[in-house]
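Enquirer: Those sequence lines, one after another, are chains A and B.
Residue 1 is where the first sequence starts when you use this note's numbering, and the numbers rise one by one after that.
Residue 1001 is where the second sequence starts when you use this note's numbering, and the numbers rise one by one after that.
Shown below is the structure under consideration.
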Amino acid sequence: MKLNNKFFNQWFPILVHIACLLPIPWLIADAWLGHLTADPIRASILRTGKIALELLVLSLACTPLNTIFGFKPALKVRRALGDYSFLYVCLHFAIFVSLDYGFDFQFLLPELTKPYALLGLIAGLLLIPLAITSFSPWPKRLGKNWKRLHNLVYLINILSAVHFVLVVKQGVTEPYLWLILIVFLLGLRIPPIRHFLSGFFVHAE
Amino acid sequence: MQKIDPSEVTPKKLYLSRRQFIGSAGVITAGALSLAACAGNLPNVTVEPPVYTGPTTDELGATLTTYQDITNYNNYYEFSTDKAAVADLVGNFPTSPWSIDVTGFVSEPKTYKIEDLQKFEPENRIYRLRCVEAWSMVIPWTGFPLHKLLDDVKPTSQATYVKFTSIFDPKDMPMQNSDFLPWPYVEGLRMDEAMHDLTLMVTGMYGGPLPTQDGAPIRLVVPWKYGFKGIKAIVKIELVDTQPTSLWMQAAPDEYGFYANVNPNVNHPRWSQATERRIGEIGRRKTLLFNGYEKEVASLYTGMDLKINF
């Protein structure tokens, strides 16, 4: 890809960091201006959850962007995307527990046993070791096991999308589209598919 | 509807105001989180709220939901699945002229023009509305009890259920062009539920006309049932002898039953119904059996297993 020049390589990760942080002031501004619907707590939970899912799926897209399209800068931001996703998962969960349920564990605990909440909780908990070990010295210290551990992100992606599927009423198709996208991105990792497509795109250039 | 004595009104201080909340939430969570929840909605609907001079709380002391919130947060899938988007999409929907057919097992079937319904004396009633999605509002409706309309057409002894049908107007209701739900919207009540005095045919809200996004020109409100029973934009009422299959029963029979009575002890298969978020408040309230109308309606269901008949 033509984008592999020095200037771009330098600025691309910075732009990604800014883009990942922007939703926070944006959410604050929307809250301040009253743009979070009549149910701002629900809207904040939905929005932070959605951003977390978007960043998680984007991090999943990084590898195929490199292997199939030869877009190397994607690898530089893969870990950051995952870490930011974890940040929004934390916000998502914190709003749910505090503003929505007011730390009322009498009601919170039964709700957490519902499949939608349980899947979300498991996905969030699984992200914790990934977020921690994404910083040095863990990648080096874990060696081969680092990659094995971080393959958990495939499962986390699917759990997150199913978590989304389980909270919408019939007729809302969006979460299914995310699930399809995730399965597609996972499919791109299957060696024969990956080799076929990378040959196709990289040689065609 | 009971008359509300001012002494019964719960003091305001029992309700966390938004201001107080912002302060307390700042302690609870990071500043960003607290800001994320401070409501106060900018008007996105341009119509002026009507002048309302009625009571400002329900009989339990809960404050009315604002006109702004009631008109900008609507589950009206004919227009959009996004509750905040409905208000902007209803503009072209014609609510006049309008007529309702009342047919089936009645000795005097009639077609009423919407104006004809004024002969049923309008009443103002403040009802809690509890959505199956676990949020709720307190709304001052204007309407007349359905039993007045039913008495007018004289149901025969064969009539055991009432079936309501919404308009099918894909030209003005964009989502009806998609078959993701079995349009048009259909709802039903058992005859005794339909004849209950709380069951209201609604034509107004906050002392003014019923806004289109809230179901204009005429909708059903059954306050002890989940909000989806309150079918909007009704064009047909049939008295039938078998239990009608509602749109939601057809779309998801394991999740939405015929009765759909508000019940904190019978959970939705995917989420709890024990609590609800009252629009305009922070945190949650406990959901009341039959949405707080237990005294009035519990006798309708004597001997029934509400877990089976959900």
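Every residue, glycine too, gets a C-beta built ideally from N, C-alpha and C.
Since ARG1128(B) and PRO1055(B) should fall inside the 8 Å C-beta cutoff, what is the C-beta to C-beta distance between them, to a whole number of angstroms?
Expert: With 8 Å as the limit, ARG1128(B) and PRO1055(B) do not qualify as a contact, their Cβ atoms being about 14 Å apart.
Enquirer: Against GLY1283(B), what residues of chain A qualify as contacts under a CB-to-CB distance less than 7 Å, listed in chain order?
Expert: Chain A residues near GLY1283(B): GLY102.
Enquirer: Mind listing which residues of the stretch 1242-1260 of chain B have their C-beta closer than 7 Å to chain A's C-betas, in chain order?
Expert: So the close ones are ALA1251, ALA1252.
Enquirer: Leaving aside the five residues before and after GLY1257(B) along the sequence, list all residues of the same chain whose C-beta is less than 6 Å from its C-beta, in chain order.
Expert: Within the same chain, GLY1257(B) has close Cβ partners PHE1310.
Enquirer: Does GLU111(A) get closer than 8 Å to chain B when you measure Cβ to Cβ?
Expert: With 8 Å as the cut-off, GLU111(A) counts as an interface residue toward chain B.
Enquirer: Within 10 angstroms of the Cβ of ALA1036(B), are there 16 or more other Cβ atoms? Answer buried if so, exposed if not.
Expert: Here the model assigns ALA1036(B) a pLDDT of 37, short of 50, so the residue's position is not dependable and the matter cannot be decided.
Enquirer: Using DSSP with H/G/I as helix, E/B as strand and the rest coil, what is PHE1258(B)?
Expert: The answer is coil: DSSP assigns PHE1258(B) none of H, G, I, E or B.
Enquirer: Since GLY187(A) contacts ILE180(A) with CB under 8 Å, what's their CB separation in whole angstroms?
Expert: So it is not a contact: roughly 10 Å between Cβ atoms.
Enquirer: Closer than 7 Å by beta-carbon distance: list the chain B residues that pair up with ASP39(A), in chain order.
Expert: Per Cβ cutoff of 7 Å: TYR1073, TRP1135, ARG1277, ILE1279.
Enquirer: Counting only the same chain and skipping the five closest in sequence on each side, list residues whose C-beta sits under 8 Å from that of PRO1269(B).
Expert: Taken in chain order, the residues that qualify are ASP1254, GLU1255.
Enquirer: Whose Cβ in chain B lies nearer than 7 Å to the Cβ of LYS114(A)?
Expert: Neighbours of LYS114(A) on chain B, chain order: ARG1270, TRP1271, SER1272.
Enquirer: Roughly how many whole angstroms lie between the Cα atoms of VAL172(A) and PHE12(A)?
Expert: Computed Cα separation, rounded: 35 Å.
Enquirer: Would you report the Cα separation of LEU1300(B) and TYR1293(B), rounded to the nearest angstrom?
Expert: Roughly 12 Å between the two C-alpha positions.
Enquirer: Looking at C-alpha atoms only, which residue of TRP1271(B), PRO1155(B), TYR1076(B), THR1287(B) is the closest neighbour of LYS1110(B)?
Expert: Ranking TRP1271(B), PRO1155(B), TYR1076(B), THR1287(B) by Cα distance to LYS1110(B) puts PRO1155(B) first.
Enquirer: State the DSSP-derived secondary structure class of VAL1051(B), mapped to helix, strand or coil.
Expert: Coil.
Enquirer: Assign TYR1015(B) to one of three DSSP states: helix, strand, or coil.
Expert: Annotation note: pLDDT 39 at TYR1015(B) (below 50); position unreliable, no value reported.
Enquirer: With a threshold of 8 Å between beta-carbons, can LEU177(A) be considered close to chain B, or not?
Expert: No, because no Cβ of chain B sits closer than 8 Å to the Cβ of LEU177(A).
Enquirer: With LEU126(A) and ILE158(A) assumed to form a contact (beta carbons below 8 Å), what rounded beta-carbon distance in angstroms separates them?
Expert: Their Cβ separation, rounded to whole angstroms, is 11 Å, which puts LEU126(A) and ILE158(A) out of contact at 8 Å.
Enquirer: Quick one: Cα of SER1099(B) to Cα of ASP1116(B), how far?
Expert: Computed Cα separation, rounded: 9 Å.
Enquirer: Cutting at 6 Å between CB atoms, please list the residues of its own chain near TYR1052(B), excluding the five before and the five after it.
Expert: Once the five neighbours on either side are set aside, the close Cβ partners of TYR1052(B) are TYR1206, GLY1207.
Enquirer: Report all residues from its chain with a CB closer than 6 Å to the CB of LEU1089(B); omit the five preceding and five following residues, and keep chain order.
Expert: Hits under 6 Å: PHE1079, SER1080.
Enquirer: Closer than 7 Å between beta carbons: that is the criterion. Which residues of the stretch 1075-1104 of chain B meet it against chain A?
Expert: Taking 7 Å as the Cβ-Cβ cut-off against chain A, the residues of the stretch 1075-1104 of chain B that qualify are TYR1077, THR1081, LYS1083, ALA1084.
Enquirer: Could you tell me the alpha carbon to alpha carbon distance between GLY1143(B) and LEU185(A), rounded to whole angstroms?
Expert: Answer to the nearest angstrom: the Cα atoms are 54 Å apart.
Enquirer: THR1287(B) and VAL1266(B) look like a contact to me (Cβ under 8 Å); what is the Cβ gap, rounded to whole Å?
Expert: Going by Cβ atoms, the distance from THR1287(B) to VAL1266(B) rounds to 10 Å, so no, they are not a contact pair.
Enquirer: Is GLY171(A) close to chain B, meaning its C-beta is less than 8 Å from at least one C-beta of that chain?
Expert: It does; some Cβ of chain B falls within 8 Å.
Enquirer: Can you tell me whether SER1272(B) is buried or exposed, with buried defined as 16 or more other CB within 10 angstroms of its CB?
Expert: Buried: at least 16 other Cβ atoms inside 10 Å.
Enquirer: So ILE1231(B) and GLU1187(B) are in contact, right, with Cβ under 8 Å, and what is the actual spacing, rounded?
Expert: At roughly 4 Å, the Cβ-Cβ gap stays under 8 Å, so ILE1231(B) and GLU1187(B) are in contact.
Enquirer: State whether the stretch 55-63 of chain A contacts the stretch 143-157 of chain A, with contact taken as three or more CB pairs (one from each stretch) at a distance under 8 Å.
Expert: Touching, per the Cβ criterion.
Enquirer: Report yes if the CB atom of SER134(A) is closer than 8 Å to the CB atom of ARG79(A), and no otherwise.
Expert: Taking 8 Å as the Cβ cut-off, SER134(A) and ARG79(A) qualify as a contacting pair.
Enquirer: Below 6 Å CB to CB, which residues in the same chain sit around ASP1197(B) once its five sequence neighbours on both sides are set aside?
Expert: If we look at ASP1197(B) and ignore the five residues flanking it on each side, its Cβ neighbours are PRO1145.
Enquirer: Report yes or no: do the stretch 1057-1075 of chain B and the stretch 1147-1165 of chain B share at least 3 C-beta pairs separated by less than 8 Å?
Expert: The stretch 1057-1075 of chain B, when compared against the stretch 1147-1165 of chain B, does not touch it at the 8 Å Cβ threshold.
Enquirer: Since ASP1069(B) meets chain A, which of its residues come closer than 7 Å, beta carbon to beta carbon?
Expert: Chain A residues near ASP1069(B): ALA38.
Enquirer: Quick check: the Cα distance between GLY1280(B) and TRP32(A), rounded to an integer number of angstroms?
Expert: Rounded to whole angstroms, GLY1280(B) to TRP32(A) spans 15 Å at the Cα level.
Enquirer: Does chain B have any CB closer than 8 Å to the CB of VAL162(A)?
Expert: Output row for VAL162(A): interface = no.
Enquirer: Below 8 Å, can you find three or more Cβ-Cβ pairs linking the stretch 36-49 of chain A to the stretch 93-101 of chain A?
Expert: Touching, yes, given that three or more Cβ pairs across the two stretches are closer than 8 Å.
Enquirer: Please report the distance separating the alpha-carbon of HIS163(A) from that of ILE1114(B).
Expert: Their Cα atoms are separated by approximately 45 Å.
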